[in-house]
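One structure below.
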Amino acid sequence: MVKNKNNNFSEDDAKLWESVSSKAKKYKKPNRIILNSEKKSIRPIKKETISENKSENIINKIKIKKEVLRKDKKNNLEGLDPKKIPSGISLKQAQELKKGKLRPEKVYDLHGYTQFRAHNYLNDEIIKCYKKNIRKLLIITGKKLGATGAEGVLKREVPKWLNLSPLREIILMTSWATPRDGGEGALYVLLKRYKEINN
């Protein structure tokens, strides 16, 4: 085949190509892959499923919170705040606790405790004290000085734990300690009399 200057085939070449190609068998199937034009339904990406252990822990926490709320509503217990005087205590007794005049019968120092260990330890010890009718406690949480004043994990968490069942039902009042007993790094806790809750 000879190409002319314009890069086109000559007339003779074109006729020859036409005669050859007309006799050639055409493939029924093309020799290239044709993608299926039908649109496939797009499935949403499955979110990572939570492991059984994690889901059980979440369910247990929800159950515990619901139980606490039910008990609080049932007993009409107000939340304890170390800065406030709750109802159900005389003003004189509350002032004596705040000023450190009611001296602690038991002292619990939580320095060196992990959060989990401290929580379990306090629960057990406060219930033991309550059953022995030991009413005045000092819990040393420790503190570190930050931008907003006294800070610390246990300083923040211990007052929350004291508001949870079963401790909330047996505690009459809490208050930050006086400077001689640790200031805002320690809490006075006054328990109810043992007979009060069992009558």
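With the first letter of the sequence shown counted as 1, position 112 gets the number 103 in the numbering used here; the numbers rise by one all the way through.
For every residue, glycine included, the Cβ atom is placed at its ideal position computed from N, Cα and C.
Every value quoted in this text rests on a predicted model; they were computed, and no experiment measured them.
Put simply, the backbone Cα of Ala85 is about 17 Å away from that of Gly174.
Secondary structure at Ile80: coil, using DSSP grouped into helix, strand and coil. Assigned with DSSP and collapsed to three states, Asp100 falls in strand.
The Cβ atoms of Ile130 and Tyr99 lie closer than 8 Å to each other. Nearest neighbour of Arg126 by Cα position, chosen from Glu96, Ser78, Ser12, Ser13, turns out to be Glu96. Distance from the CA atom of Tyr112 to the CA atom of Val149, rounded to whole angstroms, is 11 Å. Here Pro77 has Glu69, Leu71, Met164 as same chain residues with Cβ atoms under 7 Å from its own Cβ, once five neighbours each way along the sequence are excluded. By the CB criterion at 8 Å, Tyr185 and Lys122 fall inside the cutoff.
Distance from the CA of Ser1 to the CA of Trp8, rounded to the nearest whole angstrom, comes to 11 Å.
Linking Leu93 to Ile49 through their CA atoms gives a straight-line distance of about 41 Å. Boundaries cannot be given for Lys90, as no alpha helix (DSSP H) includes it and DSSP labels it neither H nor E. Here the C-alpha atom of Leu82 lies approximately 27 Å from the C-alpha atom of Asn114. Under the DSSP assignment, Ala109 falls in the alpha helix (DSSP H) whose first and last residues are 106 to 122. With respect to Leu181, Leu88 sits close: the two C-beta atoms are nearer than 8 Å. Within the DSSP secondary-structure output, Ala177 pairs in a beta bridge with Ile131.
For Ile162, the enclosing beta strand (DSSP E) has its first and last residue at 162 to 167. Taking a contact as a CB-CB distance under 8 Å, the pair Gly133 and Lys151 does not count as one, their CB atoms being some 16 Å apart.
Cβ atoms of Ile162 and Leu155 stay farther apart than 8 Å, at about 10 Å. In this structure, Gly91 sits near Thr169, with a CB-CB distance shorter than 8 Å. In terms of CA proximity to Leu158, Cys120 leads the group Gly143, Cys120, Val11, Gly176.
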